[in-house]
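Following: one structure in C-alpha cells, then a few remarks.
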Amino acid sequence: MSYPNVSRRGFLAGFGALGLASALSACATATPAKPASGSGSTSNALLLKSRETSDGSRKAMQALLDTFVKQHPQYKPKLNTMEAAAFQQQIRSDLTLSTPPDVLTWFAGEIASNFAKQGLLLDASSVFPADGYSPQFAQLSTDASGKKVFIPTNYYWWGMFYRKSYFDKWGLSEPKTWDEFIALCKTIKGKGVIPIALPLSDSAWLTASWFDYLNLRLNGATFHRALLAGQESYTDPRVAKVLDSYREVLPYFDPAAKGLAFQEGTAKWQQGKEAMFLSGPFLADAMPADVKDDISFFQFPILDPAVPVAEEAPLDGFIASAHTANPEGAKAFLGYVATPEAQELYLKISGNTVIPANSNAKSPISTPLLEKGRAMVAGAADVTQFFNRDTNDDQLNVLTAAMVKFMDKPDEGADILKQWQNDSAKARGN
Amino acid sequence: MAAVPQAVTRGSRVAGASPKGILRGSRDTVILLAFVLVPFTLEMFWTFWPALNSVYISLTRWDGISPPQFIGLDNYARMWSDDTFRLALRNTVIWLVLFGGLSVLGGLGLALLLDKPRRGIGIYRAIFFLPVVFSLVVTALVWRMIYQPDGVINSILSAVGLEDQAKIWLGDPDTALYAQILPALWRQIGYIMVLFLAGLKTVDPLLHEAAKMDGASAFERFRYITLPQLRPVSTVVLAVTVIDALRSFDIVWSLTQGGPYHSSELLSTYQFATGVQGSQLGYGSALAVLIFVLTVGTIVVYLARSLREEETA
Chain D
1 MSYPNVSRRG FLAGFGALGL ASALSACATA TPAKPASGSG STSNALLLKS RETSDGSRKA
61 MQALLDTFVK QHPQYKPKLN TMEAAAFQQQ IRSDLTLSTP PDVLTWFAGE IASNFAKQGL
121 LLDASSVFPA DGYSPQFAQL STDASGKKVF IPTNYYWWGM FYRKSYFDKW GLSEPKTWDE
181 FIALCKTIKG KGVIPIALPL SDSAWLTASW FDYLNLRLNG ATFHRALLAG QESYTDPRVA
241 KVLDSYREVL PYFDPAAKGL AFQEGTAKWQ QGKEAMFLSG PFLADAMPAD VKDDISFFQF
301 PILDPAVPVA EEAPLDGFIA SAHTANPEGA KAFLGYVATP EAQELYLKIS GNTVIPANSN
361 AKSPISTPLL EKGRAMVAGA ADVTQFFNRD TNDDQLNVLT AAMVKFMDKP DEGADILKQW
421 QNDSAKARGN
Chain S
1 MAAVPQAVTR GSRVAGASPK GILRGSRDTV ILLAFVLVPF TLEMFWTFWP ALNSVYISLT
61 RWDGISPPQF IGLDNYARMW SDDTFRLALR NTVIWLVLFG GLSVLGGLGL ALLLDKPRRG
121 IGIYRAIFFL PVVFSLVVTA LVWRMIYQPD GVINSILSAV GLEDQAKIWL GDPDTALYAQ
181 ILPALWRQIG YIMVLFLAGL KTVDPLLHEA AKMDGASAFE RFRYITLPQL RPVSTVVLAV
241 TVIDALRSFD IVWSLTQGGP YHSSELLSTY QFATGVQGSQ LGYGSALAVL IFVLTVGTIV
301 VYLARSLREE ETA
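Protein chains in written order, with UniProt numbering: chain D, 1 to 430; chain S, 1 to 313.
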C-alpha cells in the first residue's frame, strides 16, 4: 500500500500554520467595510429580529408584520425571535453582517448612539412623524449628526410602588419630599414592617435605580449624563452627596436584602412584609389580578426643589441596519410602527404594562396605574433611560459593586468612590 | 505488516498484483485521509480556530462594533493593576486548593470506604453519586433555598440557640465564596469517588494478602500498595479536578454572580462579566487565555513530573 509522501506530522503542521496565518489576519474581528447606504442589490424580504420572547409579545409582533404587509404587499416580512440576553450579545455582530436582519427591536440610549456613531443604523428621518413624539423622545431618537435612527414605540416608568390596601391599613399617605419620605420610612419601621424592598442576590442591578434617582434629584439630568459619559468623575463632591442621601435610607432597606432573589423580594412585598419597592411596573407582571388592582406608586421624592425634575422612562422601539438589502422596506416598516394604530395594536395584543410612545396613541388597556405613570413622565422636565441604557453593562457592574459595598461599609464612601472612578475609567478603556 | 508488500511492489513491479493493489491502496488512502481530515477540519473550525482568534483578540481593544485596535500586551498589563482581577485570582486559587483538595481527599476516602463488597453497598454509592446527575443550576437552586436568610441553615442555627451565628450566607462577603464551595464539593466528591472506585478495582488483592502475611499494617498497605497502584487514575483525577476547578462557573453565576462586590468573583465569572456580558472583548479574551494557560500549565507540570517519576522508577 502506498501512502502519500506527506507525513502526518508535516500535514498537521501545515494545517496548523494555515490556521495561525488566518488567525493573524484576524478574521473574527474584521468588520467588512461597507458603504453605510446599504449594498447595491435590493430585496423584497424583510427580516424582523425581535428580543420580545413572551407569548403575548410574539403574537403582537407577528400581528404588526401581518398588518404591515396588508398595507405594503410588495414586501415579504419574516419574524425571528431570540431570547433577550442572546439577542443583546449578537446585535453587535448582526449589525456588522453583510446580510443583516433588516429591522431589529432595540432601546434608546448610549448603545444605540454608539451604533449610530459607527454608521450602523439606517437613517429613518424621512419616516419619523413630525407630530406625536415629545421633544425628549424625539431627542432620544436622534444621533449626533441630527438624523433620526430610532423609532420609539413604548416606554415604562420607575416609581416607588406600594399596595393601596396596606397603606390604608397603616394610615399612610404618599410623601412628596425626601424628609417626608424618611419620616414615612420611620413610621413604617415603627409598625414592625420593613419599609423598603431591595432584593439583591440575583438582581444587584436594582441599586442602579437608587443611584440614578438620587443623582437626578440632587444634581440634575445634565450632570447625570455627563457623569455617565465619563466627562465627570465619581470622586466629584456631588457624587459624595448622593452617597450621603443613600446612607440616610440604608436603615430602612430589608436587612436580608443581600440574601433575597428578585422573586423572593417581590413575594415579600406582595405579602405586605415590605412596604415600598423602587421599581418599574414589571414588578406586578406575575401577580394575580386582584393584587394588580391594588398597586399604586408615587414619584421618587424631591430632594432639592431647585433641580428640574427628571424621570426614568426606558424607551423601547426599533432600529434598522444600515447594511440592509431592503432599505425602502425597512423604512416603510419603521414608518408604520411609529403610527398610533400600530402602537395600540401591539399593546392590545401583547397586554404589556407599558405606555405607547406616540402621544396620539391611547393605551388600549388603560388603568389608573398606567395613566398615573404617563402623567408623571409627561410632567417631567427631562427623561433618562436607566443606568445601563444610558451607559452600558460594564459600567453597571462597576456601579453595582460600589453601591452594594457602601451598604456594608457606609463609612468608606471616599474609598469606594475612588475605586468606582478607577474601575469605570478602566472599563471605558481610558 | 504494511511495509513488506509496499517494498515488494515498489522494488519489483510484479505484474498482476499491482493494478488491483494500487487501486485498493489509493482508495484506502483516501478513506484514511478522510478519517483524519474530516474531524480535523471540523475541530479546526469549531475549536482551534476560535481559540486562536481569542488569542489575537486578547491583544486588541475591541467593543465588538468598532474595528479592533491592536494594543499589544496592554490587556495583560492591565490585570496587574486591576483590584478585581487580583481578588478573582486569589479566589480562584482558594477555590482550586479547597475544592480540588477536599474533593480528592473526600472522593478517595469514600472510595476506600465503599470499595469492599457489603450488603447494600450499591445504595450508599448511589447516594453519594446522586448529586452528580443534577445540573449545577438545579444544585444552585436547592442550595439557594438552604442559604436563604430564613432558610434551613439559619433555622437550624436558631433552633439550637445559635441565632447570633445566623448569617446571610451568600450576601456576606466573608462567607459567600466558602458557602459556594460547599455545594460544588457536594457534587464533585461523588464524581471523584467513582473514578477512584474504578481505580481500586485494578489493585491486585493478592498483593494485599501477601503484605498482610508479611505483617504490614493497614496504613502501610494503603501507603505502599494501594496508592502506587492508583497512580494512573490519580493522573486522570488531577486533570479532571484542575479543569473542573478552573472552569467552575455555573454555581457561582447562579448563586451570586461573583458578588457581593466581587467577594466571590472567580476568574471565570470575571471573564464572563467583562468579555461576554460586558463589551470589553479584548480584556475578556485576555482573561480567557490566562485561564487556559493556568489550566494547561498545571496539568503539564504534573504530567511531566509523574512521567519523570515513572522513568526513574
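Just so you know, even glycine gets a beta-carbon here, dropped at the ideal spot from N, CA and C. All values reported here derive from a predicted model rather than from experimental measurement.
Check                                                                                                             : Outcome
Any 3 or more C-beta pairs closer than 8 Å across the stretch 331–340 of chain D and the stretch 66–84 of chain D : yes
Minimum Cβ-Cβ distance from S:R90 to chain D less than 8 Å                                                        : no
S:G199 and S:F128 closer than 8 Å at C-beta                                                                       : no
Beta-carbon gap between D:L64 and D:Y246 smaller than 8 Å                                                         : no
Any chain D beta carbon closer than 8 Å to S:L136                                                                 : no
Endpoints, the alpha helix (DSSP H) within which residue 434 of chain D is located                                : Since the first residue shown for chain D is 1 and the last is 430, residue 434 of chain D is missing from the structure and cannot be characterised.
Range covered by the alpha helix (DSSP H) that runs through D:L216                                                : T207 to L228
Pick from S:A140, S:R90 and S:V38 that is closest to residue 316 of chain S, judged by C-alpha positions          : Beyond the ends of chain S as shown, which are 1 and 313, falls residue 316 of chain S; an answer cannot be given.
Option nearest D:L206 by Cα separation, candidates D:L260, D:W420 and D:A84                                       : D:L260
Contact check, D:A221 vs D:T391, beta carbons under 8 Å                                                           : no
Where the beta strand (DSSP E) through S:K201 begins and ends                                                     : Run containing S:K201: none; DSSP gives neither H nor E here.
Outcome for S:F70 when other beta-carbon atoms lying within 10 angstroms are tallied against a minimum of 16      : exposed
Buried or exposed by the 16-neighbour rule on C-beta atoms within 10 Å, applied to S:M145                         : exposed
D:S296, DSSP secondary structure in three states                                                                  : strand
Backbone secondary structure at D:N154 - three-state DSSP                                                         : strand
Cβ neighbours of D:L140 in the same chain (closer than 8 Å, five flanking residues each side left out)            : A108, G109, F150, P152, L315, V383 and Q385
Buried or exposed (CB count within 10 angstroms, at least 16 for buried), S:I156                                  : exposed
Whether D:A183 touches D:K148 by CB criterion (8 Å)                                                               : no
Length of the line joining the Cα atoms of D:S22 and S:S58                                                        : Residue confidence is low: D:S22 scores 40 on pLDDT, short of 50, so the model does not pin down where it sits. Its coordinate-derived value is still stated next. Cα to Cα, the separation comes out at about 16 Å.
For D:M276, the residue or residues it bridges with in DSSP                                                       : D:I196
Straight-line Cα distance separating S:V203 from S:Y196                                                           : First, the amino acid is wrong: residue 196 of chain S is Phe here, not Tyr. If I take the Cα positions, the gap works out to 11 Å.
Of the listed residues S:W143, S:A111, S:A288 and S:T298, nearest to S:V233 (C-alpha basis)                       : S:A111
Burial state of D:G317 (16 or more Cβ within 10 Å)                                                                : buried
Cutoff 8 Å: S:G259 Cβ touching any chain D Cβ                                                                     : yes
Test item: CB-CB of D:E274 and D:I194 under 8 Å                                                                   : yes
Buried versus exposed, by CB contacts within 10 Å (16 or more), D:E52                                             : buried
S:Q280 at chain D interface by Cβ criterion, 8 Å                                                                  : yes
Inside the stretch 277–358 of chain D only - alpha helix (DSSP H) runs reaching at least 4 residues               : 289–293, 327–337 and 340–350
Spatial neighbours of S:L102 in its chain, beta-carbon cut-off 6 Å, leaving aside the 5 residues before and after : L185
From S:G161, S:A159 and S:V152, residue whose alpha carbon lies closest to that of S:W169                         : S:V152
For S:Q69, the residue or residues it bridges with in DSSP                                                        : S:R61
Enclosing beta strand (DSSP E) for D:W106 [first to last residue]                                                 : V103 to F107
Alpha helix (DSSP H) segments (min. 4 residues) lying fully within the stretch 167–239 of chain S                 : 176–200, 205–213 and 218–221
Cβ of S:L170 within 8 Å of any chain D Cβ                                                                         : yes
For D:D143 and S:L136, the rounded distance between their alpha carbons                                           : 44 Å
Where S:F45 sits in the DSSP three-state scheme                                                                   : helix
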